[in-house]
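Below: one structure, written as structure tokens.
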DNA sequence: TATGGTGGG
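Numbering (the UniProt record's numbering), first residue to last: 1 to 891.
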């Protein structure tokens, strides 16, 4: 408590004399210069080492740009699907042209091994495309004249001959060939006669089919003929003790406790369903690890997991949740002084470090699901490893899935690995014989194929986003309608994070008898939620991924191929309740040669502003040499430091300033923290806090379903504010408050109730923190100038100006950017814009913008902007001194 | 002349 009051005192004594300020600014400039020099040096080094490669890349880029420009008009004219269909037809010709160009531009002798492999693969694809066309032709003829009483022998012969014709020849295809040799034509284990019959029955229904090859099985620990998982009712009859004893971890109990007693750090390798998350803390509690009044902590990547696991363990231990067993997540601390087993999210522990940097109140810390590599777990690794060195009484358990255990062990000074078997059924993996050009279409065909030929059981399809899911849903519904009553009922259900909760809940309703559910999901179904009764998984092999480019400060949200680890995680979703099947819409060759082993960990892909501020607050100065399991790009760290410096959170020694310490109180990005603090000066903290809360829920405010786009868009336009999106968001929030937080109001205005509730939670938390840093909550006058100035004080880094050509260019990087079509200012073209973020999806978009005046930049960030930079090229008449005069007047 | 994956504090 006394610590807090001390801090408060120091906050309010922040005024400094002009001299000091002047000196400070000068030092900042120097610091900035040094950082830039180092940055430039780095860039030069990289450039030098790849000079030759650079020239080639430029050549290639020119080629790609030319290609894109050629295609663009076509892309605009046609829908994506039509375009892809056309591409399918042109595939052979296109591939041939591509290979020809490639060989012409890059002679065999000059290319790298990787490029040679790429080229081989292209040739392989060409061969397949050619074969595929031929085979389809053949198949069509064959089917057409296939007599009704086709003999078994004939059918098999046709299959065999066809199969041999398509056999690959080149070296790369050897692996596939081996698999093919033992493979079965079409689906699974049907014999030829059955297939022939089925073929006839369904060829009327399915005008198109995809050929799959069974390649391998993902082994489970349960056999195919094991009894299916117990039903909920049966499970309830089991006593808690019986359930505990049935878990795979149970036989290892004594060994595990002994291992933990013997070692300070232990890696626990266990598949899902082994019971490690619920049982290990209980074992340790029984073994007396908490006897000295210290807790057992266990982190989870997700809130729901932390809550539900805590509830389960409290039940098993027959205590009230929040007493001996509790959980702690953002907005909700369900623990007490009696709590000895505490589940929490990794982010919560991360923030707990700020008040307890040595984890003194914990006897054991378990980092669960470490293989997911969230930003927070990655940072925790470094922190926790450091603590373990001097706190010999602390036990550290890192629990992870199979693949990464060795890597974790190496990182934690060769910590021993304790293996626990999981509980899962085997999953048969199928690959396509040839790549599919249009994977949405392929998904639809595969779903129908499964529905027509496979025993009942639900299907899970992985797609990349809302748009694809809606397109796929429409196509499927259309096809099913046309097929009429020939097939059993097929329920088509979408699921993605932005879907309203009531529609999300539908996927958990039990499937009616004699029907089948198809769930069209984004990556949300890969880890975040589990759906029972999934037997079949269709995996096109793509996902949207966020990448941060520290050079331009832009995020890219693009569809990329998934990793092998991710593909296996998806496949595993089929084997939870019974043996399953996973259909991958790519070739086995692609799986082996094109997919990376692991997804790039988050820490290497995102802006680290907040993380860096937090590490600085913990007193870690040399971030470039911090012990990361996988270090983030050097440049991302530099940029984060540079931004913190520009915001005034770091001094020229790279040390945290008073302002920086205040900023670190807020669980938001540094720029937003600065904005919150600046609201004090501009007397608009109420407004700014609302805006910050709304921005924090990440654009999931407005719901825009495909079938009601017009309604949704008009509803949205009602909220538009002429000065920009931040203010529109504020209006939404204020009107929601006026409606008394009504659900109905949200529904009528196409606004996501869930997001609004979250914004309210965030807002309440922020208000609490504002009091902590002693900023009074006040509301400004109706004029929005002060609100926008406060925003500018935080986001002066994010400014773009209208150029003569009518495009926007960012001030710092002179990069072409556009206003996002969602924006209130989409049709206006204010001269100066401030953007909340820069995201490349289909174009370089500024998402959430407000109109500002350039002179404000000199007012809020005189150390960062020079008046000359902000001169208006379109208005030469304006005397140059105006900007400077205003600046001095204001400072 | 257009439009967002998933978590977390």
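Where a beta carbon is used, it is the ideal one built from N, C-alpha and C, also for glycine.
**Study point:** Segments of 4+ residues assigned as alpha helix (DSSP H) that fall wholly inside the segment 330 to 383
**Key:** 346 to 355
Review point. Helix or strand or just coil, what does DSSP make of residue 826?
Key: Translated into the one-based positions of the first chain, residue 826 becomes position 826. It is coil, neither helix nor strand.
Exercise for review: Using a threshold of 8 Å, state whether the C-beta atoms of residue 834 and residue 852 are closer than that.
Suggested key: For the purposes of this step, residue 834 is identified with residue 834 of the first chain, where counting begins at 1. For the purposes of this step, residue 852 is identified with residue 852 of the first chain, where counting begins at 1. Their beta carbons are under 8 Å apart, which means residue 834 touches residue 852 by this criterion.
Review point. Does the separation of the CB atoms of residue 385 and residue 412 fall below 8 Å?
Key: To locate residue 385, count along the first chain from 1; it is residue 385. To locate residue 412, count along the first chain from 1; it is residue 412. Taking 8 Å as the Cβ cut-off, residue 385 and residue 412 qualify as a contacting pair.
**Study point:** Selection from 828, 798, 829 that minimises the alpha carbon distance to residue 865
**Key:** Looking up residue 865 in the first chain gives position 865. If we check each option's Cα against that of residue 865, 798 comes out closest.
Exercise for review: Below 7 Å CB to CB, which residues in the same chain sit around residue 456 once its five sequence neighbours on both sides are set aside?
Suggested key: Numbered from 1 along the first chain, position 456 holds the residue referred to as residue 456. Around residue 456: 516.
Check your understanding: For the beta strand (DSSP E) that residue 542 lies in, which residues bound it at each end?
Key -> Within the first chain, the letter at position 542 stands for residue 542. From DSSP, the beta strand (DSSP E) with residue 542 extends over 542 to 549.
Practice item. Entirely within the segment 239 to 268 and at least 4 residues each: give me those alpha helix (DSSP H) ranges in chain order. Key: 240 to 246, 253 to 262
Exercise for review: Measure the beta-carbon distance from residue 809 to residue 803 and round it to whole angstroms, keeping in mind my assumption that it falls under 8 Å.
Suggested key: Position 809 of the first chain, counted from the first residue, corresponds to residue 809. Position 803 of the first chain, counted from the first residue, corresponds to residue 803. Contact flag correct, Cβ pair sits at about 5 Å.
Review point. Do residue 435 and residue 339 have their C-beta atoms closer together than 8 Å?
Key: Position 435 of the first chain holds residue 435. Position 339 of the first chain holds residue 339. Contact: no.
Review point. For residue 538, does the count of other Cβ atoms within 10 angstroms reach 16, so buried, or fall short, so exposed?
Key: What you label residue 538 is simply residue 538 of the first chain in a count that begins at 1. Counting Cβ neighbours within 10 Å, residue 538 comes out buried, since at least 16 surround it.
**Study point:** For residue 274, three-class secondary structure by DSSP
**Key:** Taking the first chain and counting its residues from 1, one reaches residue 274 at position 274. Looking at residue 274 - three-state DSSP - the assignment turns out to be coil, as it is neither helix nor strand.
**Study point:** Residue burial classification, residue 624 (beta-carbon count within 10 angstroms, cutoff 16)
**Key:** Mapped onto the first chain, residue 624 falls at position 624. It is exposed - the Cβ of residue 624 has fewer than 16 other Cβ atoms within 10 Å.
Review point. So the beta strand (DSSP E) residue 300 belongs to, where does it begin and stop?
Key: By 1-based counting over the first chain, the position of residue 300 is 300. That run of the beta strand (DSSP E) goes 295 to 300.
Check your understanding: For residue 636, which of 618, 657, 610, 257 has the nearest alpha-carbon?
Key -> In the first chain, residue 636 corresponds to position 636, counting from 1. Cα-wise, what sits closest to residue 636 is 610.
Practice item. Express the C-alpha separation of residue 746 and residue 738 in angstroms, rounding to a whole number. Key: The count along the first chain starts at 1 and reaches residue 738 at position 738. The count along the first chain starts at 1 and reaches residue 746 at position 746. Computed Cα separation, rounded: 12 Å.
**Study point:** In DSSP terms, what residue 809 is bridged to
**Key:** Within the first chain, residue 809 is the residue found at index 809, counting from 1. Paired residues: 801, 816.
Exercise for review: Measure the alpha-carbon distance for residue 238 versus residue 246 and round it to whole angstroms.
Suggested key: One-based indexing of the first chain puts residue 238 at position 238. One-based indexing of the first chain puts residue 246 at position 246. Rounded to the nearest whole angstrom, the CA to CA distance from residue 238 to residue 246 is 10 Å.
Exercise for review: Tell me where the alpha helix (DSSP H) around residue 458 begins and ends.
Suggested key: As a position in the first chain, residue 458 is number 458, starting the count at 1. No alpha helix (DSSP H) holds residue 458; the beta strand (DSSP E) holding it covers 458 to 462.
Check your understanding: Three-state secondary structure (DSSP) at residue 711?
Key -> Counting from 1 along the first chain, the entry for residue 711 is found at position 711. Helix at residue 711.
Point to revise | Runs of alpha helix (DSSP H) wholly within the segment 495 to 534 (minimum 4 residues, chain order) | key: 501 to 505
Exercise for review: Go ahead and pull the three-state DSSP assignment for residue 210.
Suggested key: Counted from its first residue, the first chain places residue 210 at position 210. Residue state, collapsed to three classes: coil.
Review point. Could you give the distance in angstroms between the alpha-carbon of residue 778 and the alpha-carbon of residue 655?
Key: What you label residue 778 is simply residue 778 of the first chain in a count that begins at 1. What you label residue 655 is simply residue 655 of the first chain in a count that begins at 1. One C-alpha to the other measures close to 32 Å.
Point to revise | Burial state of residue 492, where buried means 16 or more other Cβ atoms lie within 10 Å | key: As a working mapping, residue 492 is identified with position 492 in the first chain. The residue in question, residue 492, is buried, as its Cβ has 16 or more Cβ neighbours within 10 Å.
Exercise for review: Could you spell out where the beta strand (DSSP E) holding residue 580 opens and where it closes?
Suggested key: As a working mapping, residue 580 is identified with position 580 in the first chain. It spans 580 to 584 - the beta strand (DSSP E) in which residue 580 sits, taken as one unbroken run.
Review point. Quick one: what does DSSP say residue 701 is sitting in, helix, strand or coil?
Key: By 1-based counting over the first chain, the position of residue 701 is 701. Looking at residue 701 - three-state DSSP - the assignment turns out to be coil, as it is neither helix nor strand.
Point to revise | Short Cβ contact (8 Å threshold) for residue 461 with residue 210 | key: Counted from its first residue, the first chain places residue 461 at position 461. Counted from its first residue, the first chain places residue 210 at position 210. The Cβ atoms of residue 461 and residue 210 do not sit closer than 8 Å to each other.
Exercise for review: Mind checking which residues open and close the beta strand (DSSP E) that includes residue 432?
Suggested key: For the purposes of this step, residue 432 is taken as residue 432 along the first chain, with counting starting at 1. That run of the beta strand (DSSP E) goes 427 to 432.
Practice item. Please classify residue 370: is it buried, with 16 or more other beta-carbons within 10 angstroms of its beta-carbon, or exposed? Key: Walking along the first chain from the start, residue 370 turns up at place 370. It counts as buried.
Check your understanding: For residue 400, which beta-bridge partners are listed by DSSP?
Key -> One-based indexing of the first chain puts residue 400 at position 400. Assignment of beta-bridge partners to residue 400 by DSSP yields 269.
Check your understanding: What are the start and end residues of the alpha helix (DSSP H) that includes residue 411?
Key -> Reading the first chain from its first residue, position 411 is the one you call residue 411. Per DSSP, residue 411 belongs to the alpha helix (DSSP H) from 405 to 411.
Exercise for review: Out of 740, 721, 843, point me to the one whose CA is closest to residue 850's CA.
Suggested key: If you number the first chain from 1, residue 850 lands on position 850. Closest option to residue 850, Cα to Cα, is 721.
Exercise for review: To the nearest angstrom, report how far apart residue 260 and residue 281 are at their CA atoms.
Suggested key: Position 260 of the first chain, counted from the start, is the residue given in the question as residue 260. Position 281 of the first chain, counted from the start, is the residue given in the question as residue 281. Rounded to the nearest angstrom, the two C-alpha atoms are 12 Å apart.
Practice item. Give me the Cα-Cα distance between residue 376 and residue 481, rounded to the nearest whole angstrom. Key: Taking the first residue of the first chain as 1, we reach residue 376 at position 376. Taking the first residue of the first chain as 1, we reach residue 481 at position 481. Going from the Cα of residue 376 to the Cα of residue 481 covers about 47 Å.
Check your understanding: Would DSSP call residue 390 helix, strand or coil?
Key -> As a first step, residue 390 must be located in the first chain, where it is residue number 390. Residue 390: helix per DSSP, three-state reduction.
Check your understanding: Which residue's Cα is closest to the Cα of residue 585: 612, 759, 621, 213?
Key -> The residue labelled residue 585 in the question sits at position 585 within the first chain. Nearest option by C-alpha distance: 213.
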